[in-house]
Amino acid sequence: MYFAILMKKNKSIGTVGMGLMGTSITACLLAWGHEVVAVSTDLYLEPVLRSNIFSFLDQLAGEGKLSDSPATLMNHLIITDDLSKLQGIGLVVECITEDIAEKQQLFTQLERLLARDAIIASNTSAIPISQLQFGMKYPGRLLGLHWAEPAHISKFMEVICGDHSELQYADELMSLATSWGKEPALVRKDIRGFISNRMMYAMIREGLSLVEQGYATVEDIDRACRNDLGQWMTFAGPFRFMDLTGLSAYLKVMEDLFPELSQAEQVPEFMKKLVSQGHNGLSTGAGFYTYTAETAANWERLFMKFSLEIRRLSDVYPQDVGDRLNHD
């Protein structure tokens, strides 16, 4: 029942947690015609939250992605600290801190408020959905809905099934995600890290190993990835790229290279040392690189600009572009 309702314009969706991801997710839902009830424990920040969400909508307006003005869409937003305002809503997207106990506590509260067939979706980036389903009265309606930052721009989305998730709900979320301008991927069996994070961390582990063993610097690894993987990744995923360039060559390299790739189970000490010294990247002025307040702000601004440009390019080259015989 709720799915057909949700697919209609201006039907309400709830979000819980209004950090960076929560505000960006809220902006995405507003942009695609939903009313949003956003729950935040920090209601005193409402003016800041509204300003940030308006800014995200304004970015989309500049790309011609909105059917209404940002100001009009903001009228469809309610920000509250009262969880009971979610009663009667058909989909709630959880985006609170990555803490299993806190998420489970929230899901228990939501189950008291929501109808039996309402969907609860967690934006966890790594926690297995099956763990989050533990203790729920109706675990089949809890799934993962993994967004990428910036959520209002990126076409990325993963729909993740836990051990007890009902496929009907996964199908509904896949259709909804497509209606939001995403190209969703379905994770059919629960696994820690899902698809994108497992792929990314495998690459990061190899990069850390190369630095630790003195084969290359951080700068050289970033440069190599930018100008090789970064050159083709938006056009094709790894399997399509192997098809494009010939499987036989990859088979030979795999046979030779796989035994030599890092299989480390521990994070390198130099990475732990950076974090223990309080180096957290842009927010602290130092990470693998160093930043002034001005250069940190510049990197953030340019990342958002680049994300918009990449979205524009990926719209020109959708995943099935080669199957469209009339495409230039």
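For the sequence shown, this note's numbering assigns the number 6 to the initial residue and increments by one for each residue that follows.
Glycine included, every Cβ here is placed at the ideal spot set by N, Cα and C.
Between the CA atoms of residue j and residue i - distance to the nearest angstrom
{"i": "Ala298", "j": "Leu65", "result": "26 Å"}
{"i": "Thr151", "j": "Ile132", "result": "First, the residue type needs correcting, since residue 151 is His and not Thr in the sequence shown. Rounded to whole angstroms, His151 to Ile132 spans 11 Å at the Cα level."}
{"i": "Leu48", "j": "Glu270", "result": "42 Å"}
{"i": "Leu213", "j": "Met259", "result": "20 Å"}
{"i": "Phe295", "j": "Thr289", "result": "Residue identity differs from the one stated: residue 295 is Thr in this sequence, not Phe. If I take the Cα positions, the gap works out to 9 Å."}
{"i": "Leu115", "j": "Ser89", "result": "9 Å"}
{"i": "Asn128", "j": "His157", "result": "14 Å"}
{"i": "Thr102", "j": "Lys70", "result": "30 Å"}
{"i": "Asp176", "j": "Gly167", "result": "14 Å"}
{"i": "Thr300", "j": "Arg231", "result": "20 Å"}
{"i": "Val326", "j": "Ser319", "result": "10 Å"}
{"i": "Met6", "j": "Asn331", "result": "Note on Met6: pLDDT 48, under 50, position unreliable in the model; the coordinate value appears next. Computed Cα separation, rounded: 38 Å."}
{"i": "Gln282", "j": "Ala302", "result": "22 Å"}
{"i": "Asp248", "j": "Phe139", "result": "41 Å"}
{"i": "Tyr220", "j": "Ile58", "result": "43 Å"}
{"i": "Ser56", "j": "Arg317", "result": "24 Å"}
Closest residue to residue i among the options (Cα-Cα distance)
{"i": "Asn80", "options": "Ala32, Ala126, Gly292, Leu279", "result": "Ala32"}
{"i": "Gly95", "options": "Ser130, Phe139, Arg146, Glu51", "result": "Arg146"}
{"i": "Asp328", "options": "Arg245, Gln282, His284", "result": "Arg245"}
{"i": "Leu75", "options": "Gly251, Gln236, Val223, Ser60", "result": "Looking at the sequence shown, residue 75 is not Leu but Pro. Checked all of Gly251, Gln236, Val223, Ser60; the closest Cα to Pro75 is Ser60."}
{"i": "Leu313", "options": "Ser267, Gln236, Pro155, Ser281", "result": "Pro155"}
{"i": "Val98", "options": "Ala43, Met309, Leu62, Leu279", "result": "Ala43"}
{"i": "Tyr322", "options": "Ala241, Ile105, Gly167", "result": "Ala241"}
{"i": "Leu82", "options": "Ser170, Asp233, Met309, Glu51", "result": "Glu51"}
{"i": "Ala120", "options": "Ile105, Gly93, Asp63", "result": "Gly93"}
{"i": "Gly149", "options": "Lys108, Gly140, Ser45, Arg117", "result": "Lys108"}
{"i": "Leu118", "options": "Leu137, Ala126, Leu91", "result": "Leu91"}
{"i": "Leu54", "options": "Tyr206, Asp63, Ile84, Ala302", "result": "Ile84"}
{"i": "Thr46", "options": "Leu62, Gly24, Asn57", "result": "Gly24"}
Contacting residues, own chain, Cβ-Cβ under 6 Å from residue i (five flanking each side not counted)
{"i": "Ser159", "result": "Ala153"}
{"i": "Gly4", "result": "Given a span of 6 to 333 for the chain in the structure shown, any question on residue 4 remains unanswerable."}
{"i": "Leu34", "result": "Ile18, Val41"}
{"i": "Leu198", "result": "The amino acid at residue 198 is misidentified as Leu; the sequence shows Gly. Cβ neighbours of Gly198 beyond the five flanking positions: Ala131."}
{"i": "Pro273", "result": "Leu213, Glu217"}
{"i": "Gly27", "result": "Thr20, Cys100"}
Distance between beta carbons of residue j and residue i, contact taken as under 8 Å
{"i": "Val216", "j": "Ile200", "result": "Not quite, the Cβ-Cβ distance comes to about 25 Å (not below 8 Å), so this is no contact."}
{"i": "Leu178", "j": "Ile124", "result": "7 Å"}
{"i": "Ile315", "j": "Thr239", "result": "6 Å"}
Sequence-distant residues of its chain with Cβ nearer than 8 Å to residue i (five each side left out)
{"i": "Lys16", "result": "Ile10, His39, Glu40, Gly95"}
{"i": "Ala126", "result": "Leu96, Val97, Val98, Glu99, Leu147, Leu148, Gly149, Leu150, Leu178"}
Close beta carbons around residue i, own chain, < 7 Å, minus the five adjacent residues each side
{"i": "Arg210", "result": "Ser267, Ala269"}
{"i": "Phe311", "result": "none"}
{"i": "Gly22", "result": "Glu99, Cys100, Ile101"}
{"i": "Leu279", "result": "Gly292"}
Distance cut-off 6 Å: residue i Cβ against heavy atoms of the ligand FMN
{"i": "Ile30", "result": "Ligands in the displayed structure: none, and consequently the ligand FMN is not present."}
Requested in this report: Assess, as a yes-or-no matter, whether the segment 33-40 is touched by the segment 165-185 under the definition of 3 or more beta carbon pairs within less than 8 Å.
Outcome: These segments touch.
Requested in this report: Flag this pair as touching only if the segment 191-209 and the segment 161-176 have three or more C-beta atom pairs under 8 Å; answer yes or no.
Outcome: Taking 8 Å as the limit for Cβ pairs, the verdict is that the segment 161-176 does touch the segment 191-209.
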